[in-house]
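Using my numbering, the first residue of the sequence shown is number 12, and each one after it goes up by one.
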Amino acid sequence: MPLLADISTVFVGREPELRLLRDHAARCHGEASGMVLVGGDAGVGKSRLVGEFVSALPPGTVFTGGCLQLGVDGLSYAPFTAVLRQLLRERGRAAFEAAAPGGLGEFARLLPELGDVPVQRPENRGILFEQVLRLLDRAAEGGGVTVVLEDLHWSDHATRDLLVFLVRNLDLPGVQIIATYRSDDLHRSHPLRRLLPELQRAPGVEPLRLGPLSRAEVGAQAAAIRGSALTPHETDELYRRTEGVPLFVEALASAAVDRSGEGPEVPDQFRDLLLEPLHRLDATALSVLRVASVGAVSGLVEHEMLHHAAGLPERELEAALHTLVDSNVLRADRTGYRFRHALLRDAVHEEILPGPHARLHMRFAQLIDEYPDSVPSDRRAAEQAHHYNAAQELPSALQASWWAAVRAGDTLAYGEELAMLERVLALWDRVPDARERVQGRSWAEVVGLAAGAAVEAGRHRRAVELADEALASLPEDGDGDATRAVRAQLLRRRGMARSQEARGGGIADLTRALELHPPHMPGYALLLSILARETALHRIDREEGPDRVRLRELERAGWTSRGLAEKALALADPSRSCDMSAAADARITLGGLHMQAGDLERGRPLIEAGIRHGAATSDPSLEARGAGNLAHFLRELGHHTEGLAVLEESLARHEAMGWASVHKTFNHQNRAEIHFELGNLAEARRIVEPILRTSSANTHHTYIDAVLARAAAAQGDLAAARRAASAAERERALTGSRMNIVQLAVLAQLETDLVEGSVGAALSLSESALDRMALEAAHGYTWPLADVMSEAVRRATAPGPGSVAGRPAETVALARRVGALVAGVVSSMPSHGTAQEAYRESVRARLGEADGAGPGEVLERWSTAVAAWEATPMRLHLAAARLRAAGAAVAAGDRPRAACLVRGAHGAAEACGAVPLANASADLARRMGVALGDGGAPPAAPSGLTARESEVARLLAAGGTNAQIAGELFISAKTASVHVSNILAKLGVPNRTAAGARLRELGLG
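What follows is the structure, given as C-alpha cells:
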C-alpha cells in the first residue's frame, strides 16, 4: 500500500485529531521535540489522517517511511531507510556530511550510495543512531520537520531500537515524529505491545487512538465517493456493515444493499487482509469460528447457542474459544462472543461452502425455538428470519419475516418494518400458504402495511409506489366491505405520502378513501381524523387545483375540517384503541380550529384532553403534537409565556423519558418562534442552529430555517439570514402544499429582504404570494405577513427622510398594487387576541403612510398601534411601532413625545440585540438632536459622517443617484458626487452598492 495513501477524495471528520496533531507540531517545532503514536484498527484511517495533516505543512519539511510486513523476517530499518533516502534526495550529501563529520560509513549501511561501509565494530550501531539523531536535528533547523513512520506493528527490532533512541535523545526543539500502528494486530505476544507502554512514558510522547467514523461521517464519506447522498436506510446499513471504518466504507459505499440482509460481499483484497491471520489457527478453532460467524448475525453469539450449534464437547469448544480470543479474532463479551470486526465475521462467513452454510443457518434458526432465552426477545424474530432466509427454507423465512416486521412495528422501527414486509412480499409467490403465515392477511393488505411503514419512515416516494402497485391489483369498486376497506386504506396511505410532497395530491386520495371506507369498519375514525388535520393545514390557492376542488365538494357535503373532526369523535368506538387515538388526534385538531377562531375557552380543553390521552397511552408523538399546537395557538393569541411553559414542560417530560426526538423540528421551531416574538433573538438562534447542524434536511427544515432567518435578520446578521433564506429557498417558497410552511418561508424571505434594503424584491414576492394564495383563509401567519408586506409598500411610496423622489414608476405601481391587495386581505380577516389586533393597527398605520395620510392622522394611527403592542409581550414589535410613531410625532411637530418614543424604541432594540432597529432609532435621535440617555448628548453620526453627509447617506442607502440626491437636497450633482465619494471613503467600501448595505446596517437606510 502506498504511504499516506488517500482512500477517499474528501476527508471527513477527525477535527479533534487534526487539532491535536497541529498543536503537537507547534510544540515540537517551537519548544521540544516529541512523538505522537497513532493507533487504530486496520482501515480506520490512520494514514489518511496523517496525510491530511502533513499536506498542510510547508514543502520539504515532511519525511516519510513505512515498515514492511517482511520486517519480521529480517528487513531492518525499512522506515528509517526511506526517510534517510528522502533527506538525501532533498537536502543533498552535504547534510549527511555535516551530521557525520568523521565519515559517512555508518550511513552507508542504510544508503549504499553514500560510499563504503566501514569495518563493523561494537560501537557502530551507537554511531549510526547518533548520526541519525544529528541529521534530524540539523534538518529541523529553520522551521522544524515532521517524520512519519507508518505501520509500526510490522517494525523490526532494529527499527524499534532506533525509534526508542530518538525518542529519548531528541532534546532540541524541531522534530515531530508521528508513528502509526494497527492496534488490532497487537496480540498478547506482539513486541510492539510490550514497547508501547515504555514509549508512552517518555516525555513528549502522546497517544492518539483513532476510532471509527460516526454514522453521519460515514454518510458524508460515502456520498463523496458515490457522488450522491445516501438514503437514511443505506447509511444505516453501510454504518452497520463497516462500523465506521473508512477503508471499508470506501469498499462498500457504492455497493447496492441486498434485501436478503446479507449485504454486499466483502471485496477480495479486504477479505484476504482480514483472513490472513486466521491461517495460523487449527482446524477445530477454524470450525468454531465459522459456526460463530453464522450465529453472530447481531454482533454477539451467545455461548449456549454456539455450544449447541458447534456440536463439540465442552472442553474442546473451550480450548478452541481460548485460541480464538487469544488470537484477537473473537472477543469475550459477558455471556457470548463478538468478532473483532464485523467485516471479519462477514469474510469468515463468506468462506463457508453452500452445504454447510445452509445447514448451519437452519440449525441456528431451530435453536432459537429450542432455546428462546438464549437470544434476547428484541432480536429473536429478526435473527430467525435471517437464518431461515439464508437456509432457503422459504415458508419459515416468510413467517419469521412477518413476525420480525410485527416486532419492528411494535418498537416504532419503521425502516426495519418496511424491510421485513418487503421480504415477505418478495417471498409471497414462492410460498403456497403465504396468507396463513401472515395472520390471514391478503397480499394487498400486506402491501398496505408496507406503504404505511414507508410513510412513517419518511420514504414517501416508496410508499406511493407500493400503494400504486396494490391499487392496480384491486377492482375500482370491489364487492364487499373488506375489499373497499383495503382499497380505502391504500388510498389513505398514498394520500399521507403525497401530502408530504410539494406536488400534492394527498387530499384527493384521502377524500376518495373516505367515500370508499365502510363507516362501521375499523379505521374509519382514523381516516376522519387524518382528513380533518390535513384539510386544516392544506394550502388554499385562488386558482383551484384538483385538491381544492375535492375540498370544495367535501365542504358542500358538510365535511369541513371541523365537521370531520367532530364526526371522528362521534364515531370513535371506545372498544378500539385505534379509534380512541384517532379521537384524541381529532380533539387536538378541533381544539386548534376553535383557538384559531379566537375561542380559547373551547379550544384549549380539547387539546389538553388529547395530550392527556397521549400521556396515558404512552403515545409521545400525540403528546408532542398536542403541546406544539397548543403553544402555537397560545402564541398567536398573545399568550406567549403560557405557550412557552407548555412546550418546556412537554420537552422536559420527554427528555426524562428518552422520547425527546418526537418533538423533532416542529416544537423546537415553536419554542424559537415564541422567543423571537418575545425579543429573545439570541435564544431563538441558540435553539434552532444546533438542529440544523444535527438533523437531516427535510420538509420540516423550513420551520427552522424561517425562524433562523428572521432572528438573524432582526439582529442584522444578514449573512446568516441569507444562508437560511437562500435563493434556492426563495424559488421553493411558494411551492409547498401546506399553508403554514409556505407562509413561514415567504415571511422569512420578506423580512430578510427589508433588512438588506431589497424593497423591490420584497414587493415582487409579496405580489406573487397575494395573487396565488388565499392568505385570508389562514390568518394566523397572514397577519405578520401583511405587516411586513405593508412595510415594503410604505418604504417604496411614503415620503420622508431617506426617500428619493422619482423612483421607477414600475416600483411605485407595484407597491400600490401590493398595498391594495394587502388592504383587501386584512379587511376580510378576523383579529383574535392582542397580537393579531396589534398587527391590524400596524398594517393600518403603514398603509396610511403609503397612501399619503397627513402627519396628524399618521401619528394617530401609530399611537393606536403602539397602544395595541403595549398590550402584548412582543417588545421588539413594540419598539418598531414606537420608532415609526416617533417619526410621525416629529412630522406632526410633537418633539417631546417623539423623544420619549425614540428612547423607548432604542432601549428595547438594544436589549433585544436588534442592531438595525437600534441603529435606526439612534439615527432618528441624532437628527432630532435628542440624547438617548439622561443628561447625555445626541448620538454621534456613525463612521465620522458630517451632518450633510448623513443626509446624503440616507438617500444613498435608498438607492438614489447623484442627480436624485442633488434634487432632494437642493445641491448640485457634482457636490452630491463629492459627498458620495467621501462617504465611501469613510465607510471603507468600494462602491455604492456596498455603501448602501453598510449604511442600512448603521440605521441610515
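In this text, a Cβ means the ideal position worked out from N, Cα and C, and glycines have one as well. Bear in mind that the values here come from a model prediction, so they are computed numbers and not experimental data.
The Cβ-Cβ distance between L825 and L774 falls below 7 Å. In the structure shown, F22 falls within a coil segment according to DSSP collapsed to helix, strand and coil. Of G835, L317, R356 and L341, the smallest CA-CA separation from F375 is found for L317. The residue among A922, C923, G918 and E694 with its C-alpha nearest the C-alpha of A942 is G918.
Apart from the 5 residues on each side of it in sequence, V699 sits with its Cβ closer than 6 Å to the Cβ of A683, I715, V718 and L719 in its chain, given in chain order. When DSSP states are grouped into helix, strand and coil, Q377 belongs to the helix group. Spatial neighbours of L729 in its own chain (CB-CB distance under 6 Å, excluding positions within 5 residues in sequence) are listed in chain order as E767.
Selection K57, A788 and N180 evaluated against E28 yields K57 as nearest (Cα-Cα). Between the beta-carbon of A861 and that of V804 there is about 5 Å, and that keeps the pair under the 8 Å contact cut.
Across the set R448, V457 and G420, the C-alpha of V457 shows the shortest separation from the C-alpha of E433.
For F74, the three-state secondary structure derived from DSSP is strand. Counting along the chain, Y250 sits inside no beta strand (DSSP E); it lies in the alpha helix (DSSP H) bounded by residues P243 to T253. Secondary structure note for M591: its alpha helix (DSSP H) is the uninterrupted segment S588 to Q607. For the options H624, H651, T571 and P585, the alpha carbon positioned closest to that of L604 is the one of T571. By the neighbour-count criterion, in which a residue is buried when 16 or more other Cβ atoms sit within 10 angstroms of its Cβ, C39 is buried. Judged by DSSP secondary structure, P631 falls outside any beta strand (DSSP E) and instead within the alpha helix (DSSP H) spanning P631 to E647.
I685 sits close to R646, with the two beta carbons spaced by under 7 Å. Contact between L95 and F118 holds, with the beta-carbon distance rounding to 7 Å and staying under 8 Å. Going by DSSP, M46 is part of the beta strand (DSSP E) stretching over G45 to G51.
By the criterion of a C-beta distance shorter than 7 Å, A693 is surrounded in its chain by G924, once the five residues flanking it on both sides are discounted. Three or more beta-carbon pairs separated by less than 8 Å link the region 517-528 to the region 547-561, which places the two stretches in contact. Sixteen is the threshold: since fewer than 16 other Cβ atoms of the shown chains lie within 10 Å of the Cβ of N1002, the residue is exposed. Non-local C-beta neighbours of L548 in its own chain, meaning closer than 8 Å and more than five positions away in sequence, comprise R749, M750 and N751, ordered along the chain. A Cβ-Cβ distance of about 14 Å is found for the pair P884 and Y850, leaving them out of contact under the 8 Å criterion. Scanning its chain for C-beta atoms nearer than 6 Å, with the 5 sequence neighbours on each side dropped, one finds no residue around A430. Pairing A437 with A415 gives a Cβ-Cβ distance that is not under 7 Å. Sixteen is the threshold: since fewer than 16 other Cβ atoms of the shown chains lie within 10 Å of the Cβ of Q211, the residue is exposed. Taking the Cα positions, G77 is about 9 Å away from W165. In this structure the region 856-875 lies against the region 894-911, because at least three pairs of beta carbons, one per stretch, are closer than 8 Å. With contact defined as three or more Cβ pairs closer than 8 Å, the region 836-846 and the region 776-787 are in contact. For D344, the enclosing beta strand (DSSP E) covers residues L341 to D344. The Cβ-Cβ distance between R1009 and L998 falls below 7 Å. DSSP, read as helix, strand or coil, puts M784 in strand. For I551, the secondary structure class from DSSP, reduced to helix, strand or coil, is coil.
A direct Cα-Cα distance of roughly 11 Å separates P90 from A169.
Burial check for F140: the Cβ neighbour count within 10 Å reaches 16 or more, so the residue is buried.
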